[in-house]
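Q: Chains A and B, in that order, are what the protein sequence lines are. Letter by letter, the first sequence follows residues 15 to 175 in this note's numbering. Letter by letter, the second sequence follows residues -11 to 522 in this note's numbering. The beta carbon of each residue, even a glycine, is placed where N, CA and C say it ideally should be. From a predicted model like this one, the values you see are computed outputs, not experimental measurements. Please read through the structure below; I'll follow up with questions.
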Amino acid sequence: MSSSSSSSSSPPCPKKMITLKSSDGETFEIEEIAALQSKTLENMIDENCASTPIPLPNVKGKILAKVVEFCTKHAEAGADAETLRAWDAEFVGVEHAIVFDYILAANFLEIPTLLDLACESVAEMIKGKTPDEIRKFFNINNAFSPEEEEDVRRQNQWAFE
Amino acid sequence: MGQVPSSASTSPEPSHRGISSSQRLDSLPSLEELIPSFDEDEEEGEEGGGGGGGGGGYDYTGDLPDECLAHVFHFLGTGDRKRCSAVCRRWLRVDGESRHRLSLNARAELLPSLPSVFARFDAVAKLALRCDRKSISLGDEALVLISFKCRSLTRLKLRGCRELTDLGVAAFAENCTRLRKLSCGSCSFGARAINAVLDHCVNLEELSIKRLRGIHDGAEPIGPGAAAKSLRSICLKELINGQCFAPLLVGARKLSTLKLIRCLGDWDNVLQTIGGSNPGLLEVHLERIQVSDCGLSGIANCKGIETLHVVKVPECSNLGLSSIAENCRQLRKLHIDGWRINRIGDEGLVEVAKQCLQLQELVLIGVGVTHSSLGLIGSNCRKLERLAFCGSNTVRDAEIACIAAKCEALKKLCIKNFPVSDVGIESLSQGCPNLVKIKVKCRGMSGQVVELLKERRGSLVFNLDACEIEAVDDIGVQESAVEFPPANASDVPSGSNERSMLYRAKLGLFAGRNLVACTFRRWSNGENSSNGKS
């Protein structure tokens, strides 16, 4: 049955599984305990809506698979902080488009750990760049007029580091 | 990207990438160069994972809801946030809306920009206004304007805002009634301003006042005010007439932290009164003030005191310390700087050892202790985790051996400038089974004993320094500081800062820092964040 490798002292019980359904129709199973990391799912479980597959229209299958992986990993007992950190770093070491998908999924599912991880990862992409470098990196159109830009710059000089 | 070069009307800017160098613009202090660099940058900015941002030309940040973008900004420091705000209109808006903490260069020239600054940052809860000594600061008009824009301000920090008067501060207080923390330093307003704050800011929890010029000898009494019921922490520093705060100090019945540092006048009476009226006092810090054993005995009536700092208070002796020990059985942290005057020593510490069994942290500077009291501390205070000594000739090998043998719970040890030899240091290789960190700086220590220590206690974090006799260090400064306030103010240099120098001379100030105490402040702040200082 459950090939649990955790050193838990609680009596062994069959792992309760929840089924999630992505926007493109894929289904995924996730242990209830891992699902509880999502406040959204936690609420649904509490209200007993979790017997049938939970539709998540905002999350594609490809991303949902990774979210399930993340939650499962973070729900593991006995993981030491350093190993988890390294795992997390690898988890977000992917294409930027995917990191943004993680943010959206974590926001929708209310998973604070994943939200922090993905947002911090984007923050790292921003750190140390000039405004122009940031624009180029993220393909952002600068809609400032020269006067507006000057205003912002002047104002920013009044703010201390 | 087709950027129009910004046509700054003042000085023409050469195109450059600005991030590594700072440029002077106008005569304003430049902090970060925000003019976007032109086409000189060839980088695609392909950092991080594969794919980068260049591929496809799609702006993924546009998909993020505002609160997610704000969440990203939350991980950035002020410098990066400033650069983000210059990226595009949306980022400017999101940054402005999500900035709760703002620190401004509070010069008078800022006044015209204030409305637009606070239109942009419309969610500021914590504000700092700092003005350097050479500039004219913002005045009352600015503060009142700010108070209208930031009505939900919870914290205000003022530094060097010399143009602010009682009127301006009072008007501010009337608008910003949700203030919880006020910290002012080197300003010129006075008692009337503080009273206005106490009357209007009914939720005030922390008050910190340093060098307020308006609190002169003729100042009106301060407090208690409506805020007396909510105040938890009061810190008064370098005031000529700190005594006028007496009604507040006594009236703040929920006070848990009191710090009196370098304030003139005799504080015995006030402390005795506080002893009777503020039972909840947990932390007391007395430094360079005129207090005798009477005052110490008085404050000892606050039986719940857990943290006590008695620093350079020459009129306190073993008697006062014994009184504290007898009454304050919950004492956890005790810092004494005896200033090498030897009025506090073994006798007082023996009492501490007998009564204060909860002691966790002990810092002794310039206090002549020997193994007779240290041994008892070691045997009785079973919870003692952090111990630091500095500046006393009485701690020798026997004392170190005693600590090693008796202090079983000890985790961190710091000893500085003692005539110990290898024998003493070697004893540390055996005892103190729970030791995690050790910091030793003494002459007479050889390289071999250091090696031995490292060998036997491999898991320890070491910080060892065999310092030379001639070395000038913090202790050197301290030694020269045994003199009291300088008698001759004529040494004061003339100039625009003359008044402030005279002010300082009157208070007998000098910049002596204590390394050991700093170490422990770092250590104990890391361990508990009960002291709400940011």
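Going by C-alpha to C-alpha distance, which of B:Arg95, B:Pro100, B:Phe61, B:Gln260 sits closest to B:Ser125?
A: Nearest C-alpha to B:Ser125: B:Arg95.
Q: Out of B:Arg241, B:Glu275, B:Ile228, B:Ile262, which has the shortest C-alpha to C-alpha gap to B:Leu252?
A: Out of B:Arg241, B:Glu275, B:Ile228, B:Ile262, B:Ile228 has the C-alpha closest to the C-alpha of B:Leu252.
Q: Taking only beta carbons into account, state which residues of the stretch 114 to 147 of chain B come closer than 9 Å to chain A, listed in chain order.
A: Within the stretch 114 to 147 of chain B, the qualifying residues are Ala116, Arg118.
Q: Show which residues of chain A have a CB atom less than 8 Å away from the CB atom of B:Val105.
A: Correct list: Gln169, Trp172.
Q: Rounded to whole angstroms, how far is the Cβ of B:Lys371 from the Cβ of B:Gln346, which I believe are closer than 8 Å?
A: Correct: roughly 6 Å between the Cβ atoms.
Q: Are there 16 or more other CB atoms within 10 angstroms of the CB of B:His204, so buried, or fewer, so exposed?
A: Flag for B:His204 reads exposed.
Q: Run through chain A and tell me which residues come within less than 9 Å of B:Leu170, C-beta to C-beta.
A: None at all; the shortest Cβ gap to chain A is about 19 Å.
Q: Does the stretch 419 to 436 of chain B come into contact with the stretch 402 to 410 of chain B, if we say contact requires no fewer than three beta-carbon pairs (one atom in each stretch) closer than 8 Å?
A: Contact holds: three or more Cβ-Cβ distances are below 8 Å.
Q: What residues are listed by DSSP as bridge partners for B:Gly173?
A: B:Arg147, B:Lys198.
Q: State the DSSP-derived secondary structure class of B:Arg87, mapped to helix, strand or coil.
A: DSSP places B:Arg87 in coil when its eight states are reduced to three.
Q: Check whether the stretch 142 to 158 of chain B and the stretch 108 to 127 of chain B touch, using three or more Cβ-Cβ pairs below 8 Å as the test.
A: Contact holds: three or more Cβ-Cβ distances are below 8 Å.
Q: Residues of chain B with a CB under 7 Å from the CB of A:Val136: which are they?
A: Result: Val60.
Q: Are any of the Cβ atoms in chain A nearer than 7 Å to that of B:Thr261?
A: It does not; no Cβ of chain A falls within 7 Å.
Q: Please classify B:Asp83 as buried or exposed, where buried requires at least 16 other C-beta atoms within 10 Å of its C-beta.
A: Label assigned to B:Asp83: buried.
Q: As a quick exercise: from A:Trp172, A:Asp102, A:Met139, A:Cys85, pick the residue whose alpha carbon is nearest that of B:Ser101.
A: When only C-alpha atoms are compared, the closest one is A:Trp172.
Q: Span of the alpha helix (DSSP H) holding B:Val272?
A: B:Val272 -> not in any alpha helix (DSSP H); beta strand (DSSP E) instead, spanning 271 to 275.
Q: Applying a beta-carbon distance threshold of less than 7 Å, which residues of chain A neighbour B:Glu47?
A: Per the sequence shown, the amino acid found at residue 47 of chain B is Asp instead of Glu. Per Cβ cutoff of 7 Å: Phe152, Asn153, Ile154.
Q: Could you tell me which of B:Gln418, B:Ser409, B:Glu275, B:Asn183 sits nearest to B:Cys304, measuring between CA atoms?
A: The residue with the shortest Cα to Cα distance from B:Cys304 is B:Glu275.
Q: Determine the direct distance from the alpha carbon of B:Arg118 to that of A:Phe151, and round the result to whole angstroms.
A: Their backbone Cα atoms lie some 35 Å apart in a straight line.
Q: In terms of alpha-carbon separation, which member of B:Leu131, B:Arg81, B:Ala130, B:Ser135 lies closest to B:Phe109?
A: Out of B:Leu131, B:Arg81, B:Ala130, B:Ser135, B:Arg81 has the C-alpha closest to the C-alpha of B:Phe109.
Q: For a test of the three-state rule: what should DSSP assign to B:Gln278, helix, strand or coil?
A: If DSSP states are grouped into helix, strand and coil, B:Gln278 belongs with the strands.
Q: Does DSSP put B:Arg168 in a helix, a strand or coil?
A: Of the three classes helix, strand and coil, the one that applies to B:Arg168 here is coil, per DSSP.
Q: Within a Cβ cutoff of 6 Å, which residues of the same chain sit near B:Ser91, ignoring the five residues on either side of it in sequence?
A: Ala116, listed in sequence order.
Q: B:Ser101 touches chain A at which residues, Cβ-Cβ below 7 Å?
A: Per Cβ cutoff of 7 Å: Gln169, Trp172.
Q: Just grab the DSSP bridge partners of B:Asp325 for me.
A: B:Val299, B:Ile353.
Q: What is the DSSP secondary structure of B:Pro421, counted as helix, strand or coil?
A: In the structure shown, B:Pro421 sits in coil (DSSP, three-state: anything other than H, G, I, E or B).
Q: DSSP state of B:Glu21, grouped into three classes?
A: In this prediction, B:Glu21 scores a pLDDT of 40, lower than 50, which makes its location untrustworthy; no coordinate-derived value is stated.
Q: How far does the beta strand (DSSP E) with A:Ile47 in it reach, from first residue to last?
A: Per DSSP, A:Ile47 belongs to no beta strand (DSSP E); it is in the alpha helix (DSSP H), 46 to 49.
Q: For B:Leu98, I'd like the list of residues in its chain whose CB is within less than 8 Å of its CB, leaving aside the five on either flank, ordered along the chain.
A: Excluding positions up to five away in sequence, the list reads Leu92, Val105, Leu126, Ala130.
Q: Could you tell me which uninterrupted alpha helix (DSSP H) segments, each at least 4 residues in length, are contained entirely in the stretch 46 to 117 of chain A, listed from first to last along the chain?
A: With a minimum length of 4 residues, the continuous alpha helix (DSSP H) runs that stay inside the stretch 46 to 117 of chain A are 46 to 49, 53 to 60, 75 to 89, 95 to 105.
Q: Just to confirm, is the Cβ distance from B:Lys300 to B:Asp334 under 7 Å?
A: Cβ atoms of B:Lys300 and B:Asp334: not closer than 7 Å.
Q: Against chain A, does B:Cys56 count as a neighbour if the rule is that its beta carbon must be under 7 Å from one of theirs?
A: Yes - at least one Cβ of chain A is within 7 Å of the one on B:Cys56.
Q: Looking at the strands, I want to know which residues DSSP matches up with B:Ser125.
A: B:Arg95.
Q: Would you mind telling me which residues of chain A sit closer than 7 Å to B:Phe177, beta carbon to beta carbon, in chain order?
A: The premise fails here: B:Phe177 is roughly 22 Å from chain A at the closest Cβ pair, so nothing lies under 7 Å.
Q: What did DSSP end up calling A:Phe158 once you bin it into helix, strand or coil?
A: Correct three-state label for A:Phe158: coil.
Q: Which whole-angstrom value describes the C-beta separation of B:Phe160 and B:Val132, a residue pair presumed to lie in contact below a C-beta threshold of 8 Å?
A: Correct: roughly 6 Å between the Cβ atoms.
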